[in-house]
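K.L.:
This is the structure I have questions about; it appears just below.
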Amino acid sequence: MQWTDRIRQVKIILVVAAVVLAVASLLVSHFLVRDLSKEERNRMEIWAQALHALNAADETTDLTLVLNVIEGNNTIPVIVLSSEGTVDDYRNIDDTTRLTAYARSMQQAGDTIRVDSQLVCYDESIMLKRLSAWPYVQLGIVLIFVVVAIFALLSSKRAEQNKVWVGLSKETAHQLGTPVSSLMAWVEMLKEQYPNDDLLPEMDKDVRRLQLIAERFSKIGSLPEPVEASMNDVLAHVVDYMDRRTSSQVQMIRYLPDHEVVVRMNASLFEWVIENLCKNAVDAMEGKGTITLTLMEEAHHVVIEVQDTGKGIRKKDLKSVFTPGFTTKKRGWGLGLSLARRIVEEYHKGRIFVKHSEVGRGTTFRIELPRA
């Protein structure tokens, strides 16, 4: 929880910093653009006065300074229109095919100066336009930086969580190994001494179940080699296991195709996924209700749906059900669904998600696996 809070705080700080930088950049750029726009307006007024002086000049007038002013404008686009609206002159414009339309847009923007019978129309210089666009480019760069930084933080968080869960799983398997081996030896000794005891077969099943659980935990964090196996058998084993360990008030219903559905998978780990969904369903139904397992084949996927008649999941919790540590139970670590997603998505290249959930009506989990 502390790590999650720290990530949230860092994200907030990054977003606030990005907003502050963006606002500051926009303000500074706005003032610079405003000042440069005023300066260009002043330059064009001087240019218009020089044009007036040129129009009023006679043979005795010294036009050196006037021509220097007129020729000195190498950045600001200018179009000089006659009283009839035709183009008398233009400067710093590459596309000369649309001079009239360009002049009209300048007039609509209000960038004009009247000189005698002529109208001087001008536009912002390329430098001023670039400066106007720069804050938006800078804003995009800042946003990209923030997105990359948040993505890196979330990736780091997931990597750290994965290490914790993998380490915890392997340590659990290691701790279970010795007592399970000892129990198996004791069961074998009891079989020799009491071969007709009716309880020993059940004890043997429970011990072997512990061995299977330890084996599953040991495989978390590694990449077990998938092999072709029957999904029908996997679901049948889960139903058999749940029937023997839940009350008679929990009804297990399965809808399976008549033929075998073969999938490349690690059957032991995948049984764990279905068992986990069924156990969560039993908890959600508080030990009374119906669990329906459905196996289907689609064009590119094998689909397993686990539906219960429990209390359902609130909409605000739907995005968090697979998050490590999330649980609605008073007791529990919130690892079951997180490990289930890891097994389905990373080990079997499939998908697991909540297909539908309604509070008070139940939940349906859907698993999609590639067809063999």
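Positions in the sequence shown are counted from 1; adding 1352 to them yields this note's numbering. All residues carry an ideal CB built from backbone N, CA and C; glycine is no exception.
(1) Are the Cβ atoms of residue 1729 and residue 1583 separated by less than 8 Å?
(2) Among 1428, 1596 and 1497, which has the Cα closest to the Cα of residue 1478?
(3) May I have a chain-ordered list of the alpha helix (DSSP H) segments no shorter than 4 residues that lie completely inside the stretch 1396-1468?
(4) Going by C-alpha distance, which of 1588, 1433 and 1487 is nearest residue 1605?
(5) Checking 8 Å against the spacing of the C-beta atoms, do residue 1472 and residue 1405 come in under that value?
(6) Tell me whether residue 1710 sits in a helix, a strand or coil according to DSSP, three-state version.
(7) From residue 1689 to residue 1673, what does the alpha carbon distance come to, in whole angstroms?
(8) Name, in chain order, the residues that DSSP records as bridge partners for residue 1472.
(9) At the level of alpha carbons, what is the spacing between residue 1720 and residue 1667?
(10) In chain order, what residues of the same chain lie with their CB nearer than 8 Å to the CB of residue 1601, ignoring the 5 residues before and after it?
(11) So the beta strand (DSSP E) residue 1648 belongs to, where does it begin and stop?
(12) What did DSSP end up calling residue 1578 once you bin it into helix, strand or coil?
(13) Where does residue 1353 fall in DSSP's three states?
(14) Using CA atoms only, rank isn't needed, just tell me which of 1532, 1377, 1374 and 1425 is closest to residue 1391.
(15) Which runs of the beta strand (DSSP E) spanning at least 3 residues fall entirely within the stretch 1598-1667, listed in chain order?
(16) Run through DSSP, which three-state label would residue 1547 get?
(17) For residue 1533, which of 1561, 1379 and 1586 has the nearest alpha-carbon?
(18) With a threshold of 16 other CB atoms inside 10 Å of the CB of residue 1474, please say whether the residue is buried or exposed.
(19) Do residue 1660 and residue 1715 have their C-beta atoms within less than 8 Å of each other?
(20) With DSSP collapsed to three states, give me the class of residue 1530.
(21) Give me whichever residues DSSP pairs with residue 1718 in a beta bridge.
(22) Measuring CA to CA, which of 1506, 1697 and 1644 is closest to residue 1607?
(23) Kindly list the residues whose CB is nearer than 8 Å to the CB of residue 1603, restricted to its own chain and excluding five residues on each side of it in sequence; keep chain order.
(24) Since residue 1422 contacts residue 1402 with CB under 8 Å, what's their CB separation in whole angstroms?
(25) For residue 1648 and residue 1611, what's the separation of their Cα atoms in angstroms?
(26) Can you round the beta-carbon distance between residue 1408 and residue 1491 to whole angstroms, since I take them to be within the 8 Å contact cut?
(27) Under 8 Å, with one C-beta from each stretch per pair, do the stretch 1702-1718 and the stretch 1650-1664 reach the 3-pair mark?
(28) If you draw a straight line from the C-alpha of residue 1418 to the C-alpha of residue 1441, how long is it?
(29) Might you give, ordered along the chain, the residues of its own chain that have their beta carbon closer than 8 Å to the beta carbon of residue 1480, omitting 5 neighbours on each side?
(30) Could you tell me the alpha carbon to alpha carbon distance between residue 1445 and residue 1457, rounded to whole angstroms?
(31) CB-CB under 8 Å to residue 1483, same chain, minus the five flanking residues each way: which ones, in chain order?
P.N.:
A quick look at the data gives this:
(1) Outside the displayed range of the chain (1353 to 1724) lies residue 1729, so it cannot be described from this structure.
(2) Position 126 of the sequence shown, counted from the start, is the residue given in the question as residue 1478. The shortest C-alpha separation from residue 1478 is found at 1428.
(3) The stretch 1396-1468 contains, as complete alpha helix (DSSP H) runs of 4+ residues, the segments 1416-1423 and 1451-1461 (chain order).
(4) Sequence index remark: in the sequence shown, residue 1605 carries index 253 (1-based). It is 1588 whose Cα lies nearest to the Cα of residue 1605.
(5) Within the sequence shown, numbered from 1, the residue matching residue 1472 stands at position 120. Within the sequence shown, numbered from 1, the residue matching residue 1405 stands at position 53. With respect to the 8 Å criterion, residue 1472 and residue 1405 are not classified as neighbours on the basis of their beta carbons.
(6) The residue you call residue 1710 lines up with position 358 of the sequence shown. Strand at residue 1710.
(7) The residue given as residue 1689 occupies position 337 in the sequence shown. The residue given as residue 1673 occupies position 321 in the sequence shown. When rounded, the distance between both Cα atoms is 7 Å.
(8) If you number the sequence shown from 1, residue 1472 lands on position 120. Partner residues in the beta bridge of residue 1472, as assigned by DSSP, are 1432 and 1465.
(9) Against the sequence shown, residue 1720 aligns to sequence position 368. Against the sequence shown, residue 1667 aligns to sequence position 315. Approximately 22 Å between the Cα atoms of the pair.
(10) To locate residue 1601, count along the sequence shown from 1; it is residue 249. For residue 1601, where only same-chain residues beyond five positions count, the Cβ hits under 8 Å are 1639, 1640 and 1641.
(11) By 1-based counting over the sequence shown, the position of residue 1648 is 296. Membership of residue 1648 in the beta strand (DSSP E) is indicated by the continuous run 1641-1649.
(12) Taking the sequence shown and counting its residues from 1, one reaches residue 1578 at position 226. DSSP places residue 1578 in coil when its eight states are reduced to three.
(13) Residue 1353 sits at position 1 when you count from the first residue of the sequence shown. Since pLDDT at residue 1353 reaches only 45, below the 50 mark, its modelled position is unreliable, and the value read off the structure follows with that caveat. Look at residue 1353 here: in three-state DSSP terms it is coil, with no helix or strand label.
(14) Within the sequence shown, numbered from 1, the residue matching residue 1391 stands at position 39. The shortest C-alpha separation from residue 1391 is found at 1425.
(15) Fully contained in the stretch 1598-1667 are the following beta strand (DSSP E) runs of length 3 or more, in chain order: 1602-1607, 1614-1617, 1641-1649 and 1653-1660.
(16) As a first step, residue 1547 is located in the sequence shown; it is residue number 195 there, counting from the start. Residue 1547 carries a coil assignment under DSSP once its states are collapsed to helix, strand and coil.
(17) Translated into the one-based positions of the sequence shown, residue 1533 becomes position 181. For residue 1533, the closest alpha carbon among the candidates 1561, 1379 and 1586 is that of 1561.
(18) For the purposes of this step, residue 1474 is identified with residue 122 of the sequence shown, where counting begins at 1. Buried is the call here.
(19) Here the question's residue 1660 lines up with position 308 in the sequence shown. Here the question's residue 1715 lines up with position 363 in the sequence shown. Taking a C-beta distance under 8 Å as the contact criterion, residue 1660 and residue 1715 qualify as a contact pair.
(20) Counting from 1 along the sequence shown, the entry for residue 1530 is found at position 178. In the structure shown, residue 1530 falls within a helical segment according to DSSP collapsed to helix, strand and coil.
(21) Translated into the one-based positions of the sequence shown, residue 1718 becomes position 366. Looking at the DSSP assignment, residue 1718 forms a beta bridge with 1657 and 1705.
(22) Residue 1607 sits at position 255 when you count from the first residue of the sequence shown. Ranked by Cα distance from residue 1607, the first of 1506, 1697 and 1644 is 1644.
(23) Taking the first residue of the sequence shown as 1, we reach residue 1603 at position 251. Residues of the same chain with a CB within less than 8 Å of the CB of residue 1603, apart from the 5 flanking positions on each side, are 1641, 1642 and 1643 in chain order.
(24) The residue you call residue 1422 lines up with position 70 of the sequence shown. The residue you call residue 1402 lines up with position 50 of the sequence shown. With a contact defined as Cβ atoms closer than 8 Å, residue 1422 and residue 1402 qualify at about 5 Å.
(25) Here residue 1648 is taken as the residue at index 296 of the sequence shown, counted from 1. Here residue 1611 is taken as the residue at index 259 of the sequence shown, counted from 1. When rounded, the distance between both Cα atoms is 11 Å.
(26) Numbered from its first residue, the sequence shown carries residue 1408 at position 56. Numbered from its first residue, the sequence shown carries residue 1491 at position 139. Contact doesn't hold; Cβ gap of about 49 Å is too wide.
(27) Contact annotation: the stretch 1702-1718 touches the stretch 1650-1664, with at least three C-beta pairs closer than 8 Å.
(28) The residue given as residue 1418 occupies position 66 in the sequence shown. The residue given as residue 1441 occupies position 89 in the sequence shown. Approximately 16 Å, taken between the alpha carbons.
(29) For this step, residue 1480 is matched to residue 128 along the sequence shown. So the qualifying residues of the chain are 1385, 1388, 1389 and 1392.
(30) Along the sequence shown, one-based indexing puts residue 1445 at 93. Along the sequence shown, one-based indexing puts residue 1457 at 105. Taking the straight line joining both Cα atoms gives about 14 Å.
(31) Stepping through the sequence shown from its first residue, residue 1483 is reached at position 131. Answer for residue 1483: 1381, 1384, 1385 and 1388, listed in chain order.
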